[in-house]
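Residues in the sequence shown are numbered consecutively from 1, following full-length UniProt numbering. Below is one structure, written out as structure tokens, with a few remarks after it.
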Amino acid sequence: MRLVQDRQPVSRERLDAQGEPPARHAVNRVSKSRVNTFIEITPEGDIIACNGHVDLGTGVRTAFTQIVAEEMDVPMHRVRMVLGDTDRTPDQGPTTASASIQSAAVPLRRAAAQVRKTLLQRAAQQWSCDADTLTVADGIITGPGEQTTDYGSLARGEHFDIDIDAKVDLKPADQYRIVGRSVARVDIPAKIKGELIFVHDLRLPGMLHARMVRPPYPGRDSGAMIGQSLIAVDRESVLDIPGIVAVVVKGDFVAVVTRREEHAIRAARQLKVQWAMPPALPDLNDPEAAVRANPSKERVLREDGNATDSLSARTDTHSATYVWPYQMHASIGPSCAVADYRDGAITVWSGSQNPHFLHADIMALLDLPDSAVRIVRMEASGCYGRNCADDAAAEAALISREVGAPVRLQLMREEEHSWEPKGTTQIMDVRGAVTGPDTLAYEFVNRYPSNNAPVLALMQTGTIAPDPIVEHKGDRTAVPQYRCSDVRIAVQDMAPIVRAAWMRGVSALPNVFSHESFIDELAHQHGEDAVAFRLRFMEDPRARALSIALAERAGWQTGPSPRLHADPQRPHIRRGRGFAQHQYVHGTFPGVGSAYCAWVCDVEVDLERATVRVLKVWIGYDCGLVINPAGVRHQIHGNVIQSVSRALMERVAFDDAGVVSREWGGYPIIRFGDIPDIDILIMPTQDQPPLGAGESGSVPSAAAIANAIFDATGLRLRRVPFDSAEVRRGLDLVKRRAEAIGP
Numbered sequence: 001m002r003l004v005q006d007r008q009p010v011s012r013e014r015l016d017a018q019g020e021p022p023a024r025h026a027v028n029r030v031s032k033s034r035v036n037t038f039i040e041i042t043p044e045g046d047i048i049a050c051n052g053h054v055d056l057g058t059g060v061r062t063a064f065t066q067i068v069a070e071e072m073d074v075p076m077h078r079v080r081m082v083l084g085d086t087d088r089t090p091d092q093g094p095t096t097a098s099a100s101i102q103s104a105a106v107p108l109r110r111a112a113a114q115v116r117k118t119l120l121q122r123a124a125q126q127w128s129c130d131a132d133t134l135t136v137a138d139g140i141i142t143g144p145g146e147q148t149t150d151y152g153s154l155a156r157g158e159h160f161d162i163d164i165d166a167k168v169d170l171k172p173a174d175q176y177r178i179v180g181r182s183v184a185r186v187d188i189p190a191k192i193k194g195e196l197i198f199v200h201d202l203r204l205p206g207m208l209h210a211r212m213v214r215p216p217y218p219g220r221d222s223g224a225m226i227g228q229s230l231i232a233v234d235r236e237s238v239l240d241i242p243g244i245v246a247v248v249v250k251g252d253f254v255a256v257v258t259r260r261e262e263h264a265i266r267a268a269r270q271l272k273v274q275w276a277m278p279p280a281l282p283d284l285n286d287p288e289a290a291v292r293a294n295p296s297k298e299r300v301l302r303e304d305g306n307a308t309d310s311l312s313a314r315t316d317t318h319s320a321t322y323v324w325p326y327q328m329h330a331s332i333g334p335s336c337a338v339a340d341y342r343d344g345a346i347t348v349w350s351g352s353q354n355p356h357f358l359h360a361d362i363m364a365l366l367d368l369p370d371s372a373v374r375i376v377r378m379e380a381s382g383c384y385g386r387n388c389a390d391d392a393a394a395e396a397a398l399i400s401r402e403v404g405a406p407v408r409l410q411l412m413r414e415e416e417h418s419w420e421p422k423g424t425t426q427i428m429d430v431r432g433a434v435t436g437p438d439t440l441a442y443e444f445v446n447r448y449p450s451n452n453a454p455v456l457a458l459m460q461t462g463t464i465a466p467d468p469i470v471e472h473k474g475d476r477t478a479v480p481q482y483r484c485s486d487v488r489i490a491v492q493d494m495a496p497i498v499r500a501a502w503m504r505g506v507s508a509l510p511n512v513f514s515h516e517s518f519i520d521e522l523a524h525q526h527g528e529d530a531v532a533f534r535l536r537f538m539e540d541p542r543a544r545a546l547s548i549a550l551a552e553r554a555g556w557q558t559g560p561s562p563r564l565h566a567d568p569q570r571p572h573i574r575r576g577r578g579f580a581q582h583q584y585v586h587g588t589f590p591g592v593g594s595a596y597c598a599w600v601c602d603v604e605v606d607l608e609r610a611t612v613r614v615l616k617v618w619i620g621y622d623c624g625l626v627i628n629p630a631g632v633r634h635q636i637h638g639n640v641i642q643s644v645s646r647a648l649m650e651r652v653a654f655d656d657a658g659v660v661s662r663e664w665g666g667y668p669i670i671r672f673g674d675i676p677d678i679d680i681l682i683m684p685t686q687d688q689p690p691l692g693a694g695e696s697g698s699v700p701s702a703a704a705i706a707n708a709i710f711d712a713t714g715l716r717l718r719r720v721p722f723d724s725a726e727v728r729r730g731l732d733l734v735k736r737r738a739e740a741i742g743p
């Protein structure tokens, strides 16, 4: 038995309405409209639940399992999830923006309820009774006469379609036995036992190994040189390598194929290739000038009153510019894929977060019909945004077709660092002033190079043109969460400068860095407590309740925190505390509201070494209905660790050719010894719809840390990361200003 929602492919318009990013390029997204199954019942009574989203290490598989088990009244071990397999799951768009629970779980939950209802009706008909008189416990249906049956017996192995009823009765929250309770991750046992879970471990009979030879424009994906830079390849330069099978060349796509992996690595290093050098990049190590010079088109998101004139007429108007650098997804393991082309069709095993997008990309790359492509999603390197998983999959697919055998392609570390689509830089200009007891005038402009990042093989083979595409992604959480009498919010949309794609929080994390730093600066300007000042202008009751509750939990001390500043035993150490909060809003503007998050953090600044250490983070979360509290806490921990690392040390380095941060020495990330103590407050909002928990926890991070650094030192840092170079520059500036003022 199977249950479907509809028989229409998911359109771009529907994806946009759901808050998902649109297709990345001009390749048409053609879903397998015949694949629309959400629930299957096996003859044994097991439930196979299908969802187009995937688990990127966030615990979504476990949460989905809980949802289905709850609605169908079965134990969790009777539910098996199939995620992201394009032959078995509906196209629900990419796994991004905390949307798996917030939106993609909704049809799955309805499907489970609808199947339960249908099977109860079948049992009632069989026993000539009313379906309302039946009960279900652990998958066993009991009738008025104590007769029993189960789902498998009622489904009888049939395959028939039932359209989901959007108004189907769902189980009330007060009857939940599984949802809302902490359960162990269902994926962990197989990983502990070393079972085949990760795509890196997949082996096929007759499988060959491939490595790419990359062009000399690392991390770039637009411009006339893309697909046109290869001058010559000396195939004879690798003939001495054992087991060499082929050198595949198409445009700027160059790959070597061997029978053993170590020989493929050697061949990629040994192959003699002549390239034309690319045009020089602008200086992106200090990206502000390059971004301001990049052609753009302004898009006004919100305009009430006349913020420009109001602020220009005031003497207390405050202005600031905030700069966010290019950053990496920095997957610990390089991307990998396996592809098998045979009989005019291809199967690709991939760690993609976007299996159905990848499906369309490979259709275009290999000029295959919809039915000839299958993506099987396996777990892979963590990313929280796009790494090189799609690139590796497309490259393996093309190589497999060319050599006529299964091919495994794994990237080298320098490839992953160089070519992964980066989290893009942003420049944010803010002006504001207090205009009344509870109102602000506020002007905000964000300059955001786009993050389209088409699959490399499509451009390097000439399948699609390497034209820079302008996307509207800079508007995530661009509107501040405060009451304004006059407000103007705008984004300067522009083409990418280097290869970029969405990264955890997309533009919301940098936007909130500027909003919450600026509101803190206004509070200081007016001599007011940072939390109390925010509450004056905060309208959303959930945001207010969360801020108050977290401040109380952290023991927030009104006004500056002198108890933190002084350490008599270490006079070169200063301590401070910072606050920041915001709801994460994702998707096409005006967007979809996700979870609310607030941070209080304590930092320690070493004035001699110009270093910052985050000591403790109190983090408050309101994500509505919590499916698995343990899973939410795991997500919050991951958000804190990653965003502290991004705020304190992460920045991609470039030269005029492209990315030069090609190993961990060139792109350091946080170490275990520097992870702060984390205290979590989850608000009791089980009666509200689920808002997702994957990304919101990172959004207030950089602002809270910057505000704590100011509390400790009087230094306002407006450029991420807050590394020793940035801190030293700031401390020197503070010292010079103090000397200029005199005693």
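Don't be surprised by glycine CBs; every beta carbon is placed ideally from N, CA and C.
Neighbourhood of residue i by C-beta, 8 angstroms cutoff - its chain only, sequence neighbours within 5 removed
i: V300; result: R488, I489 and A490
i: N294; result: R447, P449, M494, A495 and I497
i: Q270; result: S237, V238 and I241
i: V82; result: I48, A49, C50, N51, R88 and T89
i: G139; result: G45, M72, D73, V74, P75, R78, D150 and Y151
Proximity below 8 angstroms, CB of residue i to CB of residue j
i: S517; j: Y322; result: yes
i: V60; j: S100; result: yes
i: P215; j: A657; result: no
i: G631; j: T65; result: no
i: A124; j: A131; result: yes
i: N387; j: E414; result: no
i: A313; j: V430; result: no
i: R401; j: Y442; result: no
i: E298; j: Q492; result: yes
For residue j and residue i, the rounded distance between their alpha carbons
i: R575; j: D46; result: 56 angstroms
i: I680; j: Y621; result: 8 angstroms
i: W618; j: V403; result: 55 angstroms
i: D438; j: D602; result: 28 angstroms
i: H526; j: A706; result: 19 angstroms
i: R688; j: N639; result: According to the sequence shown, residue 688 is Gln rather than Arg. Rounded to whole angstroms, Q688 to N639 spans 23 angstroms at the Cα level.
i: R646; j: I332; result: 15 angstroms
i: A704; j: L733; result: 22 angstroms
i: A337; j: I346; result: 13 angstroms
i: R29; j: H53; result: Because the pLDDT at R29 is just 35, under 50, the model does not fix this residue reliably, and the value given afterwards should be weighed accordingly. Going by the C-alpha atoms only, they are around 16 angstroms apart.
i: S182; j: V626; result: 10 angstroms
i: E650; j: F722; result: 9 angstroms
i: T89; j: R80; result: 13 angstroms
i: A104; j: L509; result: 23 angstroms
i: D234; j: K272; result: 5 angstroms
Terminal residues of the beta strand (DSSP E) in which residue i lies
i: L456; result: Unbroken run through L456 is the alpha helix (DSSP H), L456 to Q460; no beta strand (DSSP E).
i: L358; result: First-last for L358: P355 to L366, but that is the alpha helix (DSSP H), not the beta strand (DSSP E).
Span of the alpha helix (DSSP H) around residue i
i: A392; result: A389 to V403
i: W419; result: R413 to W419
i: Y151; result: Y151 to A155
i: E70; result: V60 to M72
i: V734; result: S724 to I741
i: F537; result: A530 to F537
i: I709; result: S701 to T713
Residues near residue i in its chain [Cβ-Cβ closer than 7 angstroms; skip 5 each side]
i: R260; result: H209 and G243
i: A543; result: Q481, Q581, Q583 and Y596
Test: residue i CB closer than 8 angstroms to a CB of chain B
i: A740; result: Absent here is chain B; the protein component of the structure consists of one chain.
Own chain, CB closer than 6 angstroms to residue i, minus 5 neighbours either side, in chain order
i: D87; result: R374
i: S696; result: Y584, S594, A595 and C597
i: E471; result: S450 and N452
i: L119; result: Y151 and L154
i: S514; result: Y322, M428 and V430
Report yes or no: do three or more beta-carbon pairs, one from the stretch 166–177 and one from the stretch 67–78, lie closer than 8 angstroms?
-> yes
Could you tell me whether the stretch 236–254 touches the stretch 458–466, using the rule of 3 or more Cβ pairs below 8 angstroms?
-> yes
Given 8 angstroms, three or more beta-carbon pairs between the stretch 283–292 and the stretch 661–678 | no
Do the stretch 526–536 and the stretch 348–360 meet, that is, are 3 or more Cβ pairs less than 8 angstroms apart?
-> no
Does the stretch 609–617 touch the stretch 711–730, meaning 3 or more C-beta pairs lie closer than 8 angstroms?
-> yes
Just checking, does the stretch 99–118 make contact with the stretch 379–398 on the three C-beta pairs under 8 angstroms criterion?
-> no
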